[in-house]
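Asks: According to the numbering used here, the sequence shown is numbered sequentially starting from 473.
Just so you know, even glycine gets a beta-carbon here, dropped at the ideal spot from N, CA and C.
These figures come from a predicted structure and were not determined experimentally.
Below you will find the structure I want to go over with you.
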Amino acid sequence: MPPGADRYDTIGRAYASRRHEEPAWAHAISQALGGARRVINVGAGTGNYEPRDAVVLAVEPSATMLAQRARDAAPAVRGVAEALPVPDDSFDAALAILTVHHWRDPHHGLRELARVAARQVVVTWDPAASSGYWLNRDYLPELFEHEAAISSLGDVLDVLEVLEVRTLEVPRDCADGFLGAQWAAPEVYLDPAVRAAMSGLALLDQGVVNDAMARLARDLADGTWERRNAELATLASLDTGFRLVVAGT
Ligand SMILES: C[S@@+](CC[C@H](N)C(=O)[O-])C[C@H]1O[C@@H](n2cnc3c(N)ncnc32)[C@H](O)[C@@H]1O
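Below is the structure:
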C-alpha cells in the first residue's frame, strides 16, 4: 500500500457503527448512476451508498474498513484509486463517495476513474460553500487550512469531463456521521466517539479540537450558540458544501 492509504486502519475502526447511508443522498447517487449495470466503487469503505441493483466491485485500501463490510455487501478488493486493478472501460460507472480528499494523488486517481468507466459519479465538497458552516467559522478555523490542503471540487473539475454539479444538502436528521452532518445538533460534536468517525476532526491536532469543544460546550450552556445560529431553527436541510458531480459520457 502507498504511504497513507491505510490511514483508515486507525481512524476507521468504528466506521460501521457511526457512519450510515443518508437515504436522501443514496437516492441522489442512485439517480446520478443513471441505471449503470456494472459499477466500481472506489474508496468504498464499508459499502455505504453502493447500489443494490447493479453488479458492483468495491476497491478499498484499508483492511480495517474491508473487515467491516456486511456479509452480503458487494465483493471487494484491496487497492487504491491511483492504480485500479481492472482493464480500461470495464465498468459502466465509477463511484467515489467522500474519498477523493484522502487520495495521495487525486488527479491520477480521477483519471483512473475515467479510464475504467464511461461515467463517473463523485461526492466531494466546495470549500467556498463550506466556509460559512458554524463549526468551521466560529470554533475550528483550523479546518480551513486542513481543507485548503486537500482535494475538493476543484480537482474534480480540473480532471473530469463534468456534465453536472448538484448541491447535496444535509437533512436536519442526517443518518450519516460525516463532518457537517450534525449542523442542527451541535451537542453531538462534544462526544469524542462521534468526532473520531469524522476524518476532518480526527486528523486535526486534538489539543486544538478539545479547546474548540470546550468553547462550544460553554456557548451551548449559556445560549450563545442558539442566539448566533437562530436561522437554523426552521431549516429542514442545509448546504454545508457537499457536491455531487456527474462526469463522463
Ligand atoms: C470517509 S471514507 C468513505 C467511505 C465510503 N465511500 C462512504 O461513503 O462511506 C474514505 C475512504 O477512502 C479510502 N481511501 C483512502 N485513500 C485511498 C486511496 N488512495 N484510494 C482509494 N481509497 C482510499 C479510505 O480507506 C476510506 O475507506
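1) Alpha carbon to alpha carbon, how far is residue 582 from residue 632? Give it in angstroms, no decimals.
2) Please report how far the alpha carbon of residue 669 lies from the alpha carbon of residue 649, in whole angstroms.
3) Quick check: is any heavy atom of ligand 1 less than 8 angstroms from the C-beta of residue 597?
4) With a cut-off of 8 angstroms on the beta carbons, I'd call residue 672 and residue 598 a contact; round off their distance for me.
5) Excluding sequence positions up to five away, which residues of its chain have a Cβ less than 8 angstroms from the Cβ of residue 616?
6) Cutting at 6 angstroms between CB atoms, please list the residues of its own chain near residue 628, excluding the five before and the five after it.
7) For ligand 1, I want to know if residue 507 counts as a neighbour, meaning its beta carbon is within less than 8 angstroms of at least one of the ligand's heavy atoms.
8) By Cβ distance below 6 angstroms, which residues in the same chain neighbour residue 646 in space, the five residues on each side in sequence not counted?
9) Going by DSSP, name the residue or residues bridged to residue 643.
10) Since residue 498 and residue 521 should fall inside the 8 angstroms C-beta cutoff, what is the C-beta to C-beta distance between them, to a whole number of angstroms?
11) Measuring straight from C-alpha to C-alpha, what distance separates residue 641 and residue 501?
12) Can you name, in chain order, every residue of its own chain whose Cβ lies under 8 angstroms from the Cβ of residue 676, other than the five neighbours on each side?
13) If residue 588 sits next to residue 630, beta carbons under 8 angstroms apart, how far is it from one beta carbon to the other, in whole angstroms?
14) Would DSSP call residue 552 helix, strand or coil?
15) Starting from residue 650 and walking both ways along the beta strand (DSSP E), at which residues does that stretch end?
16) Can you grab the Cα-Cα spacing for the pair residue 514 / residue 636, in whole Å?
17) At the level of alpha carbons, what is the spacing between residue 634 and residue 541?
18) Taking 8 angstroms as the cut-off, is the CB of residue 537 close to at least one heavy atom of ligand 1?
19) To which residues of the same chain is residue 519 closer than 6 angstroms at the C-beta, ignoring the five residues directly before and after it?
20) Looking at the secondary structure, which residues open and close the beta strand (DSSP E) in which residue 529 lies?
21) In the structure shown, what three-state DSSP assignment does residue 570 receive?
22) Run through DSSP, which three-state label would residue 560 get?
23) Using CA coordinates, which residue listed in 658, 556, 524 is at the minimum distance from residue 685?
Replies: With the structure as the only source:
1) Between the alpha carbons of residue 632 and residue 582 lies a distance of about 7 angstroms.
2) Going from the Cα of residue 669 to the Cα of residue 649 covers about 7 angstroms.
3) Taking non-hydrogen atoms of ligand 1 into account, the C-beta of residue 597 is found less than 8 angstroms away from none of them.
4) By a beta-carbon distance limit of 8 angstroms, residue 672 does not contact residue 598. Their separation comes to about 15 angstroms.
5) Excluding residues within five positions, the ones whose Cβ falls inside 8 angstroms are 599, 603, 608.
6) Cβ neighbours of residue 628 beyond the five flanking positions: 594, 596, 717.
7) The answer is no for residue 507.
8) So the list reads 494, 653, once near-sequence residues are dropped.
9) Answer is 709.
10) Their Cβ separation, rounded to whole angstroms, is 6 angstroms, which keeps residue 498 and residue 521 in contact under 8 angstroms.
11) Cα to Cα, the separation comes out at about 13 angstroms.
12) Answer for residue 676: 612, 614, 615, 618, listed in chain order.
13) No, residue 588 and residue 630 are not in contact; Cβ-Cβ is about 19 angstroms, not under 8 angstroms.
14) In the three-state reduction of the DSSP assignment, residue 552 falls in the coil class.
15) Counting along the chain, residue 650 falls outside any beta strand (DSSP E), and DSSP gives it neither H nor E.
16) When rounded, the distance between both Cα atoms is 20 angstroms.
17) Rounded to the nearest angstrom, the gap between the Cα atoms of residue 634 and residue 541 is 30 angstroms.
18) Answer for residue 537: yes, Cβ within range of ligand 1.
19) Cβ neighbours of residue 519 beyond the five flanking positions: 541, 545.
20) Per DSSP, residue 529 belongs to the beta strand (DSSP E) from 527-532.
21) It is coil, neither helix nor strand.
22) Coil at residue 560, not helix or strand.
23) Among 658, 556, 524, the Cα nearest to that of residue 685 is on 658.
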